[in-house]
Amino acid sequence: VCKFKAHKRCAVRATNNCKWTTLASIGKDIIEDEDGVSMPHQWLEGNLPVSAKCSICDKTCGSVLRLQDWKCLWCKVHSTCKEQLSSKCPLGQCKVSVIPPTALNSIDSDGEDFITVSHFGPLLVFVNSKSGDNQGVKFLRRFKQLLNPAQVFDLMNGGPHLGLRLFQKFDTFRILVCGGDGSVGWVLSEIDTLMLHKQVPPTLGVLPLGTGNDLARVLGWGSACDDDTQLPQILEKLERSGRSGLAHRRKSPI
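So the sequence shown is numbered by full-length UniProt numbering: it starts at 1 and just counts up by one.
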């Protein structure tokens, strides 16, 4: 996610500034007031993307020549504008889809110790890293940069079970499957296994990777996506999209 590089012998001395995922990872920087628990900004100097815009003045910030200006790992701001920003992080342009680290206490291998937050429907992302001649890997990394890494799962590393177990503790949530028809079927099958269709059923979107994406075409998501720079716009479209019916039947052996 952060692309930080270090020798094995130097790793123990490396700065630990990876993106927060849970309440425990924020530590002593957590903000507590009459409104409850909030997350501060997670500041990192320089290395802003080309054409990044300041969250305060909306002008271009960053430089390709030197470390300049600051980015919260969730939003971006000029050095001179930083003091004008609230101490509480608004979570950036994808905030509707993001799980705040303050909503997660910790996560174990069974998806336990989850703090339920009922007033929003976050996005659960499944990516098939092998789809599209392994282009799923870059989509996996990009989603973890845009969202909380704890809400993004590689289907090739454990399947959809843990992610669905984790999210079923939310009152409502949405699912985005990035892959082919087989990946979508895998997730739908696990939804049946966990009987999530008996509670408020999650909405499911498809981001087609690779070839043979008949279901994505039928649902209006297109035939293929190969540009990970468009993911912020895709997330915004997903947040505004409505439901469409899909008949899904369980098959019994004869």
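Note that beta-carbon positions come from the ideal geometry of N, C-alpha and C, so glycine has one too.
Burial check for R174: the Cβ neighbour count within 10 Å reaches 16 or more, so the residue is buried. Inter-residue distance for K82 and L67 is about 15 Å (C-alpha atoms, whole angstroms). Distance from the CA of M195 to the CA of V137, rounded to the nearest whole angstrom, comes to 30 Å. Proximity of the segment 149-164 to the segment 120-139 meets the contact definition, three or more beta-carbon pairs being nearer than 8 Å.
Distances from the CA of L73 to each of F170, G62 and Q42 were compared; the closest alpha carbon is that of Q42. Assigned with DSSP and collapsed to three states, R174 falls in strand.
For D226, the CB contacts under 7 Å within the same chain, skipping 5 residues up- and downstream, are G132 and Q135 in chain order.
Per DSSP, E190 lies in no beta strand (DSSP E) segment; the continuous alpha helix (DSSP H) that holds it begins and ends at D181 to T193. Looking only at D69, G180 and T203, the smallest Cα-Cα distance to G210 is reached by G180.
A direct Cα-Cα distance of roughly 8 Å separates L231 from F143. Beyond the five residues adjoining it in sequence on each side, L215 comes within less than 7 Å, by CB distance, of D181, V184 and V206 in the same chain, given in chain order.
If you draw a straight line from the Cα of R240 to the Cα of I31, it is about 31 Å long.
For K144, there is no enclosing beta strand (DSSP E); the residue is found in the alpha helix (DSSP H) stretching over G136 to L146.
For K237, the enclosing alpha helix (DSSP H) begins and ends at L231 to R240. Close CB contacts of V177 within its chain, under the 6 Å cut and outside five residues either way in sequence, are with F126, S183, V184, V187 and V206 (chain order).
By the CB criterion at 8 Å, P149 and T21 fall inside the cutoff.
Within the same chain, and ignoring the five residues on either side of S79 in sequence, the residues whose Cβ sits closer than 8 Å to its Cβ are Q68, D69 and W70. Contact annotation: A224 and P208 have beta-carbon atoms nearer than 8 Å. For D58, no beta strand (DSSP E) encloses it, and the DSSP letter there is neither H nor E. The C-alpha of V98 lies about 9 Å from the C-alpha of G92.
DSSP, reduced to helix, strand and coil, places I99 outside both helices and strands of the structure shown, so it counts as coil.
When rounded, the separation of the alpha-carbon atoms in N213 and L204 is 15 Å. In summary, C94 is buried, with 16 or more beta-carbon neighbours lying within 10 Å of its beta-carbon over all protein chains present.
Where V218 is concerned, the enclosing alpha helix (DSSP H) starts and stops at D214 to V218. A residue is called buried once 16 or more other Cβ atoms fall within 10 Å of its Cβ, and Q84, having fewer, is exposed. Annotated three-state conformation of K28 is helix, per DSSP.
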